[in-house]
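Chains as they are written, first to last, in the numbering used here: chain U, 1 to 159; chain H, 1001 to 1429. Taking it in order: structure first as structure tokens, then the write-up.
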Amino acid sequence: MKLNPPGRLLIPAALMLGAIVALASPALAALGGSADSVSADSSAMRGQLRSTSLVQYDMQEITQGAQTVREYVTRSGQVFAVTWQGPVPPDLRQLLGTYFGRFQEAAAASHRTNPGVHRQLNIVQSDLVVQSSGRLRAFRGLAYLPALVPDGVSVDQLQ
Amino acid sequence: MRQAYRWTVLPGMCLLALCALAACGGGGSSGGGSSTGSTTTAHNFAAGGPNVVPISVNAGPADPSDQTFNIPLVTVTVCEPGTTSCATINDVLVDTGSYGLRLMASALAGQSVTLAPMADPNDSANAISECLPFADGYSWGEVASAIVTIGGETSSGAVPVQVINDSSSPSPAAPSTCTSDGISLNSVGAFDANGVLGIGPFVQDCGSGCATSATNVYYTCTSANSCSETTLPLEDQVANPVARFPTDNNGVIVQLASISAAGAATGTGYLVFGIGTESNNGLGNATVLTTDNEGNFTTMFDGQTLGSSFIDSGSNGLYFPDSSLALCGQTVPANEFYCPSSTASLSATNQGEDGTSSSVPFQIANLSNLLNDNNGSHYAFDDAGGPAETIAQFGAYFDWGLPFFYGRTTFFAIDGASAGGISGPFYAY
Chain U
1 MKLNPPGRLL IPAALMLGAI VALASPALAA LGGSADSVSA DSSAMRGQLR STSLVQYDMQ
61 EITQGAQTVR EYVTRSGQVF AVTWQGPVPP DLRQLLGTYF GRFQEAAAAS HRTNPGVHRQ
121 LNIVQSDLVV QSSGRLRAFR GLAYLPALVP DGVSVDQLQ
Chain H
1001 MRQAYRWTVL PGMCLLALCA LAACGGGGSS GGGSSTGSTT TAHNFAAGGP NVVPISVNAG
1061 PADPSDQTFN IPLVTVTVCE PGTTSCATIN DVLVDTGSYG LRLMASALAG QSVTLAPMAD
1121 PNDSANAISE CLPFADGYSW GEVASAIVTI GGETSSGAVP VQVINDSSSP SPAAPSTCTS
1181 DGISLNSVGA FDANGVLGIG PFVQDCGSGC ATSATNVYYT CTSANSCSET TLPLEDQVAN
1241 PVARFPTDNN GVIVQLASIS AAGAATGTGY LVFGIGTESN NGLGNATVLT TDNEGNFTTM
1301 FDGQTLGSSF IDSGSNGLYF PDSSLALCGQ TVPANEFYCP SSTASLSATN QGEDGTSSSV
1361 PFQIANLSNL LNDNNGSHYA FDDAGGPAET IAQFGAYFDW GLPFFYGRTT FFAIDGASAG
1421 GISGPFYAY
């Protein structure tokens, strides 16, 4: 799905199709995974999906009750970042995909060195950044793959 | 790591801590980060009372090799409803950042009490289990009903509590949608405590979200130990036991004695029930910080507006973003704490939802030095801190952990209650 800026006019139709499929069974694509696999994903988050097309990436937002998950997809269809916010955390195994093991490893390492902290977990590695924080009723997080962030996009400015 | 030196606490160190608590005021503090506790002198809980419970900050049940500090502990008693079978559990973490009582099954084992799993209100053949989420993992175990007694206060009726199943192979096992929270925090070592007493400014641990949609928090489990996500009515959710006391049920006070900047072997203080309900627990001239519906207020620090800030006795340090403070690096856990070459004296301003604000001076010392000095015998520090990440989309926070509590009297008013004529949720100090 490599498109030049003028070609963006074509995207809404493609997105619309994706949204319709997703509404039937909205699901999370995993970090680093293909957005094309959204509807095929077996573990669905039961919620409503909204897609927004931006200049350098697409944002797909899934809301369920007070919980919101956003996935940021490159023009080539890969999920380069995810964010979450809500009273409880989302299914991180689903959301982080193949990177969930890295999250667990970092949590285990932090648990060994600082057992007194369960309100936040930060992973800053060259190929993976995860910021998870929160307490009951107030969880939030961000995970992204630096290598996949589109040129000119600042993670701080993801909408 | 601090496992190199873990010696028995010396009697003299205890005396120093007691001295600071009883009458020494700020005199014992050589610039510790807690000098604006305006109400400390007005609240002397040494006389005790039915609503007063001692808190101790010490090694507790922590493995000597653990890097443990600033864990405030109390004793809690649970009884089987309708019986005289009870268990008294010591070393339970006082946590103003959560809601509800959770006890390790191993701490209950061997005591003459059996807390039966709560039947699913929607299907009495099933039992309710809970997956309690944290930022790094989960605690899994059955929900049970218990009469909860803390100090001289006993719940009116049974309170839903969680029995964290810390056996090597829990049954029922945690479902995959629960283990997706991260790592298992089903152990005494995960909290360096025999349980967690969540007495923050809300009643239920999850709230309406878990009552209206099935989430990965509450599960209904069949007799064959097959568990699936379920809704759970508010009244059945694990609840802050203070809200179920017949009196003194609108909130709590946590007061810890001042300690020196070098820390102390033991921290001492009180957990007090009720705000403005007895002669000993009035708000006095405390600054009230009202909160949003997550229990957050705003902290302004170093040009940053940290809009999701909170006061949390369950956090062992002050966690906040400050790029100018050196991290500990690999010597103490990688980048989880601040280790400035010399102690930093800082200040922040807290502001409640209604605009009321107050300035809070604090200090950040080199945690590596704190842990290694005094032969590693200190467990209480008022100047330990670490970084907090800012997520641009959601704002940032200042986690006012246990260092904030030393030398202060801090109030936590429960959502929906009125305390000192003001509606909760709010913090005050």
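Glycine included, every Cβ here is placed at the ideal spot set by N, Cα and C.
For a contact defined as C-beta to C-beta under 7 Å, what are the partners of serine 1213 of chain H on chain U?
Gln64 and Gly65, listed in chain order.
Give me the chain U residues within the contact set of phenylalanine 1404 of chain H, using Cβ-Cβ distance strictly less than 8 Å, ordered along the chain.
One finds nothing in chain U with a Cβ atom closer than 8 Å to the Cβ of phenylalanine 1404 of chain H; even the nearest lies about 14 Å away.
In angstroms with no decimal places, state the Cα-to-Cα distance between leucine 1234 of chain H and glycine 1395 of chain H.
For leucine 1234 of chain H and glycine 1395 of chain H, the distance between alpha carbons rounds to 29 Å.
Measure the beta-carbon distance from alanine 1265 of chain H to tyrosine 1427 of chain H and round it to whole angstroms, keeping in mind my assumption that it falls under 8 Å.
Incorrect: roughly 29 Å between the Cβ atoms, too far for contact.
Cβ shell of glycine 1276 of chain H (< 7 Å), same chain only, five flanking positions each side left out
Short of 7 Å from the beta carbon of glycine 1276 of chain H, and not among the five residues preceding or following it, lie these beta carbons of its own chain, in chain order: Gly1282, Leu1283, Ala1419 and Gly1420.
Go through the region 1312–1375 of chain H residue by residue and report every complete run of the alpha helix (DSSP H) that reaches 4 residues or more, in order.
Within the region 1312–1375 of chain H, the runs of alpha helix (DSSP H) that reach at least 4 residues and sit entirely inside it are, in chain order, 1367–1372.
Glycine 134 of chain U touches chain H at which residues, Cβ-Cβ below 7 Å?
Against chain H, a Cβ distance below 7 Å from glycine 134 of chain U picks out Ala1135.
Can you tell which of H/Tyr1218, H/Thr1410, H/Gly1269 and H/Ser1345 has its C-alpha closest to the C-alpha of serine 1139 of chain H?
The shortest C-alpha separation from serine 1139 of chain H is found at H/Tyr1218.
Assign alanine 1193 of chain H to one of three DSSP states: helix, strand, or coil.
The answer is coil: DSSP assigns alanine 1193 of chain H none of H, G, I, E or B.
Might you give, ordered along the chain, the residues of its own chain that have their beta carbon closer than 8 Å to the beta carbon of threonine 1331 of chain H, omitting 5 neighbours on each side?
With a pLDDT of 45 at threonine 1331 of chain H, under the threshold of 50, the predicted position of this residue should be treated as unreliable, though the coordinate-derived value follows. Taken in chain order, the residues that qualify are Cys1339 and Ser1368.
CB glutamine 104 of chain U to CB glycine 1182 of chain H, shorter than 8 Å?
In this structure, glutamine 104 of chain U sits near glycine 1182 of chain H, with a CB-CB distance shorter than 8 Å.
Indicate whether at least one CB of chain H lies closer than 8 Å to the CB of glutamine 56 of chain U.
At least 8 Å separates the CB of glutamine 56 of chain U from every CB of chain H.
In chain order, what residues of the same chain have a beta carbon less than 7 Å from the beta carbon of alanine 106 of chain U, not counting five sequence neighbours either side?
Sequence-distant Cβ neighbours of alanine 106 of chain U in its own chain, meaning closer than 7 Å and more than five residues away, are Leu121 and Ile123.
For threonine 83 of chain U, count neighbouring C-beta atoms within 10 Å of its own C-beta (all shown protein chains included) and say buried if the count is 16 or more, exposed if not.
Its Cβ being crowded by 16 or more others within 10 Å, threonine 83 of chain U is buried.
Report the partner residues of glycine 1385 of chain H according to the DSSP bridge assignment.
Beta-bridge annotation (DSSP): glycine 1385 of chain H is paired with H/Leu1318.
Between glutamine 1351 of chain H and chain U, is any beta-carbon pair separated by less than 8 Å?
It does not; no Cβ of chain U falls within 8 Å.
Could I get the ranges of all uninterrupted beta strand (DSSP E) runs contained in the region 1212–1242 of chain H, with 3 residues as the minimum, in chain order?
Correct list: 1218–1221 and 1227–1229.
Min CB distance glutamine 1304 of chain H to chain U below 8 Å:
Not an interface residue.
What residue range does the beta strand (DSSP E) around glutamine 60 of chain U cover?
57–64 is the span of the beta strand (DSSP E), which, as asked, contains glutamine 60 of chain U.
Measure the alpha-carbon distance for aspartate 1373 of chain H versus alanine 1262 of chain H and round it to whole angstroms.
Aspartate 1373 of chain H and alanine 1262 of chain H have their C-alpha atoms spaced approximately 8 Å apart.
Going along chain U in order, which residues have a C-beta closer than 8 Å to the C-beta of aspartate 1236 of chain H?
Within chain U, no C-beta atom comes less than 8 Å from the C-beta of aspartate 1236 of chain H; the nearest is roughly 16 Å away.
Does glycine 1251 of chain H get closer than 8 Å to chain U when you measure Cβ to Cβ?
For glycine 1251 of chain H, the answer is no, since every Cβ of chain U falls outside 8 Å of its Cβ.
Rounding to the nearest angstrom, what Cα-Cα distance links alanine 1286 of chain H and proline 1121 of chain H in this structure?
Just so you know, the alpha carbons of alanine 1286 of chain H and proline 1121 of chain H end up roughly 42 Å apart.
Assuming contact is defined by CB atoms lying nearer than 8 Å, are aspartate 1166 of chain H and methionine 1104 of chain H in contact in what I supplied?
Contact flag set, yes.
Interface partners of aspartate 127 of chain U on chain H, CB under 8 Å:
At a beta-carbon threshold of 8 Å, none of the residues of chain H lie near aspartate 127 of chain U; the nearest stands roughly 17 Å away.
Isoleucine 1055 of chain H beta carbon less than 8 Å from that of valine 1074 of chain H
Yes, the pair counts as a contact, with Cβ atoms nearer than the cut-off.
If the cut-off is 9 Å on Cβ atoms, which residues from the region 1315–1330 of chain H count as contacting chain U, listed in chain order?
Listed by position, the residues of the region 1315–1330 of chain H near chain U (Cβ gap below 9 Å) are Ser1315, Asn1316, Gly1317 and Tyr1319.
Kindly list the residues whose CB is nearer than 7 Å to the CB of leucine 1289 of chain H, restricted to its own chain and excluding five residues on each side of it in sequence; keep chain order.
Contacts found: Phe1297, Asn1350, Gly1352, Thr1356, Phe1426, Tyr1427 and Ala1428.
So if DSSP puts methionine 1118 of chain H in a beta bridge, which residue, or which two residues, is it bridged to?
BP columns for methionine 1118 of chain H are empty, so no partner.
Taking 8 Å as the threshold (C-beta atoms), are glutamate 1153 of chain H and proline 1050 of chain H in contact?
Proline 1050 of chain H is a Cβ neighbour of glutamate 1153 of chain H, given a cutoff of 8 Å.
In chain H, which residues lie with their C-beta within 7 Å of the C-beta of arginine 156 of chain U?
Before going on, a small fix: residue 156 of chain U reads as aspartate here, not arginine. The contacting residues are Ala1392.
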